[in-house]
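Here UniProt numbering is used: the first residue of the sequence shown is 1, the next is one more, and so on.
Glycine is no exception: its CB is placed at the ideal position from the N, C-alpha and C atoms.
Data block below; observations after.
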Amino acid sequence: MADSHSQRDYSDVLSRRTFVTLTGATGAAAVAGCMGGDDDDDSPGDQDDGNGDTNGDTNGDAGVDEAINEDHPDVYFNMCEVGNPVEGFTYNPYAPDGTSSKLELVYEPYALYDTVADEWVPALAEDWDFGGTEGTIQLRDDIEWGDGTPLDAESLMVQWTILEEREAAAFDFVEEVEATGDYELTFRYPDGANPDIIQQAILGNYANNPPAQFEEAAENDDVSAVDIDADEPIPSGPFELDDVSDAYHQLKPREEGHPHADNYNWGGYRMRNRGSNQAAHQSFIEQELDGIISLFAGPGVLGQFPDSLEQIQIPGAFGMGLTPNHDEGALGQREVRQAIAHSFDRETVIQNVGPDTKVHHPAYTGLPEAVNEGWLGEDYVDEYNQYEHDPDRAAELLDEVGLEPADVPAEVIVPAGWSDWVIGASTVVDNLSQAGFEASLNTLGGAYWGLMGSGDFELLCYPHNWGTDAFIPFFALRHKLLNREHPPGSWFNYPDTVEFEGEEIDLSEEVPKLASSQDEDEIQELVEKLTRLVNEDLPMIVVMEKYEQHFIDREFWEFPDEVDDHPRMRVFWPMYQLPRTEDSLSGADTPGLMKCTGR
């Protein structure tokens with residue numbers, strides 16, 4: 001059974017992030033990964049992609065089947081997503097359904113974040129330097145867009161024009177982006193801005209705006225008004241769309257234009273859809289699938305998985321939040337949101353879902369639990385409202401604003417296929433109903449994603465943090481207080497100006513200060529102030545945080561044994577990124593750290 005996980009204890013992995021209080025508003029990624037000793041150089045330096053001593057020995061003592069040096073063109077890596085229909089999908093990353101991980105095969109990342117070593121691994125960006133008032137990225141010169149045009153700095157200006165129009169996080173501080181060489185991008189920002197945060201905001205992007213499909217949008221003042229046809233993507237990554245059937249999207253390695261396209265000794269990937277986590281579980285039990293980027297599976301399910309299915313746990317900082325529509329009746333009142341938080345028991349939610357896969361927040365600050373003590377002190381819990389399950393306190397809060405529980409909009413919407421979220425949301429709805437709310441649960445499939453743009457919801461189950469950026473306070477707090485995922489403005493209608501502790505706080509000014517200052521005392525004061533605001537005002541209500549559970553079956557696939565064996569075992573996501581390297585498995589004739597052994 002799949003119980004011998006390649007993982008480390010979450011607290012051990014993240015405890016080193018407590019030193020962020022010494023370095024301002026940054027995480028270990030920007031310090032340990034990109035500074036090369038005690039220099040002031042923010043480039044990768046000697047930190048490459050594991051080349052050198054690890055080359056040819058990344059698989060330890062594991063025997064390597066001769067089959068890894070054979071071609072298996074008729075074998076496809078079968079994977080699935082949950083609740084993401086095959087039909088009608090577009091490879092436009094700005095579309096509501098553009099969240100599929102298929103995009104990560106088709107488009108090339110600027111760099112990859114090693115979640116254990118806390119450092120960036122080069123990809124499209126092979127070198128970078130951020131400091132002073134200017135940052136530069138040096139791009140690889142051996143990648144082309146799928147239409148044969150160079151993937152150079154000028155072609156990426158289309159993306160940065162669109163991102164500026166969409167108010168992406170980088171433009172909270174970046175004032176100008178310029179192609180300063182054929183393969184060099186330069187980002188300019190004001191004196192005093194924190195270059196480590198700017199670096200984080202830039203390196204986490206993908207080259208996913210091919211000019212042939214996105215240039216018209218870049219030239220239009222209203223990006224959203226342009227119909228972008230990306231059903232057949234022009235890739236920058238090693239894969240291109242090969243076939244779309246009722247059952248799957250099939251992607252195959254490109255014939256030319258990408259240096260890693262020859263690293264694959266199998267036919268490609270087939271991305272299928274499963275309507276629920278349970279359906280995905282059954283597919284793994286029956287060995288219909290070879291892997292999945294992320295799937296909730298509790299101990300009972302893990303025991304049914306085949307022995308060859310390996311779980312890799314990755315610290316995620318990702319989890320379910322309850323997001324109120326702040327324009328929906330009483331939900332715009334602070335006391336009402338606090339009453340909701342007191343009306344459900346988060347500990348019961350986590351027990352019902354599976355405590356081995358979740359992280360409990362004793363007091364919600366807006367930061368991932370792993371960094372709370374580092375920023376707020378060992379006794380931070382005592383300084384924040386813990387929102388213990390207390391229906392009587394909820395009733396008092398509602399009474400203060402002249403309301404009864406039945407007056408509060410309480411339809412909870414959750415993605416239908418995410419079984420851990422459905423269990424958690426069901427528990428929340430049960431608790432709210434017991435407290436007198438007229439609560440209901442609405443599980444939605446693909447229509448769920450469109451709600452963020454339309455505002456047609458009351459309480460939406462939505463990630464209270466997105467990915468590893470959240471370990472840096474600027475990104476975690478911006479996600480809640482100044483969210484621009486569906487501009488203009490906050491898609492859940494949280495106001496830009498909030499009354500708090502006797503003053504009016506302009507969030508559009510306060511939040512960016514976390515990135516525009518290098519004064520440690522000022523940053524610390526801002527983090528404490530904004531986490532108190534999140535705790536009291538509850539723009540989002542935390543329910544639970546998770547570990548990412550990533551699965552690859554070793555039955556027909558050879559890859560490194562342990563997370564310590566290579567940085568690409570510790571990034572999002574190993575089954576996509578292991579082949580995309582110049583490093584090789586022991587005994588392999590060709591580069592790449594994942595090979596097919598036949599089927």
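### Query
Under a Cβ-count criterion, where at least 16 other Cβ atoms within 10 Å of its own Cβ denotes burial, should residue 28 be classed as buried or exposed?
Only weak support is given to the placement of residue 28: the predicted model assigns it a pLDDT of 27, under 50, and the question is left unresolved by the model.
### Task
Ignoring anything shorter than 3 residues or poking outside the segment 461-548, list the beta strand (DSSP E) runs there in chain order.
As summarised for the segment 461-548, the continuous beta strand (DSSP E) elements at least 3 residues long and confined to that stretch are 497-500, 503-506, given in chain order.
### Task
Quick one: grab the DSSP three-state call for residue 318.
In the structure shown, the three-state DSSP call for residue 318 is strand.
### Query
Where DSSP assigns a beta bridge to residue 136, which residues make up the other side?
The partner list for residue 136 (beta bridge, DSSP) reads 129, 186.
### Task
Let me know the secondary structure DSSP gives residue 239 once reduced to three states.
Residue 239: strand per DSSP, three-state reduction.
### Task
Could you tell me which of 441, 472, 437 sits nearest to residue 457, measuring between CA atoms?
Comparing Cα positions, the closest option is 441.
### Query
Start and end of the beta strand (DSSP E) containing residue 443?
Residue 443 -> beta strand (DSSP E) spans 440-444.
### Message
Check whether the segment 543-561 and the segment 437-456 are in contact - that is, three or more C-beta pairs closer than 8 Å.
### Response
Fewer than three beta-carbon pairs drawn from the segment 543-561 and the segment 437-456 are found closer than 8 Å, and the two stretches are therefore not classed as touching.
### Same chain, Cβ closer than 8 Å to residue 506, five either side skipped, listed in chain order
Here the set comprises 496, 497.
### Query
residue 597 to residue 571, Cα distance in whole Å?
One C-alpha to the other measures close to 23 Å.
### For residue 380, three-class secondary structure by DSSP
Reduced to three states, the DSSP call for residue 380 is helix.
### Query
On the three-state DSSP scale, how would you describe residue 254?
Here residue 254 sits in coil by DSSP.
### Task
Look up residue 310 in the DSSP assignment and give the residues it is bridged to.
Listed as beta-bridge partners of residue 310 by DSSP are 552.
### Query
By DSSP, does residue 585 sit in helix, in strand, or in coil?
Three-state DSSP puts residue 585 in coil, outside helix and strand.
### Message
Using the three-state DSSP reduction, which class does residue 410 fall into: helix, strand or coil?
### Response
Coil.
### Query
Where residue 162 and residue 406 are concerned, what is the direct C-alpha to C-alpha distance, given to the nearest angstrom?
Inter-residue distance for residue 162 and residue 406 is about 43 Å (C-alpha atoms, whole angstroms).
### Query
Out of curiosity, what's the CA-to-CA distance linking residue 668 and residue 382?
Because residue 668 is not part of the residues shown, which for the chain are 1 to 599, the question remains open.
### Query
Between residue 187 and residue 575, is the Cβ-Cβ spacing less than 9 Å?
Not a contact, by the Cβ cut-off of 9 Å.
### Message
Which residues does DSSP list as the beta-bridge partners of residue 292?
### Response
In DSSP, residue 292 forms a bridge with 551.
### Query
If you compare alpha carbons, which of 593, 325, 386 is closest to residue 490?
The shortest C-alpha to C-alpha distance from residue 490 to any of 593, 325, 386 is the one to 325.
### Beta carbon of residue 156 nearer than 9 Å to that of residue 170
No; because the gap between Cβ atoms is not below 9 Å, this pair is not in contact.
### Task
State the DSSP-derived secondary structure class of residue 569, mapped to helix, strand or coil.
Residue state, collapsed to three classes: helix.
### Supposed close pair residue 319, residue 464 - CB separation, criterion 8 Å
Yes, they are in contact, since the Cβ atoms of residue 319 and residue 464 sit about 6 Å apart, within 8 Å.
### Query
Relative to the alpha-carbon of residue 102, which residue among 126, 481, 231 has its alpha-carbon at the smallest distance?
Residue 102 has its Cα closest to that of 231, out of 126, 481, 231.
### Message
As an exercise, report each continuous beta strand (DSSP E) stretch of at least 3 residues that is fully enclosed by the segment 60-86, in chain order.
### Response
Counting only runs of 3 or more, we get 72-82.
### Task
Return the residue from the list 135, 88, 391 that minimises the CA-CA distance to residue 337.
It is 391 whose Cα lies nearest to the Cα of residue 337.
### Message
For residue 542, count the other beta carbons within 10 Å of its own beta carbon; 16 or more makes it buried, fewer makes it exposed. Which is it?
### Response
Buried: at least 16 other Cβ atoms inside 10 Å.
### Task
Starting from the C-beta of residue 150, find all residues in its chain whose C-beta is less than 7 Å away, skip the five residues before and the five after it, and write them out in chain order.
Scanning its chain for C-beta atoms nearer than 7 Å, with the 5 sequence neighbours on each side dropped, one finds around residue 150 the residues 144, in chain order.
### Message
For residue 323, list the residues DSSP reports as bridge partners.
### Response
For residue 323, which the question treats as bridged, DSSP gives the partners 460.
### Task
Can you have a look at residue 501 and say buried or exposed, based on whether 16 or more other CB atoms are within 10 angstroms of its CB?
Residue 501 should be labelled exposed.
### residue 207, DSSP secondary structure in three states
Correct three-state label for residue 207: strand.
### Task
Compute the Euclidean distance between the alpha carbons of residue 482 and residue 198, then round it to the nearest angstrom.
So the alpha carbons of these two residues sit roughly 17 Å apart.
### Query
At which residues does the alpha helix (DSSP H) containing residue 163 begin and terminate?
Taken as a continuous stretch (DSSP letters only), the alpha helix (DSSP H) holding residue 163 covers 153-165.
### Message
Please identify the residue among 375, 229, 152, 593 whose C-alpha is closest to the C-alpha of residue 520.
### Response
Among 375, 229, 152, 593, the Cα nearest to that of residue 520 belongs to 375.
#### Entry: Stretch pair the segment 104-111 + the segment 298-309: three plus CB contacts closer than 8 Å
With a cut-off of 8 Å, the segment 298-309 and the segment 104-111 do not count as touching, because too few Cβ pairs lie within range.
### Query
For residue 418, which three-state DSSP category applies?
Correct three-state label for residue 418: coil.
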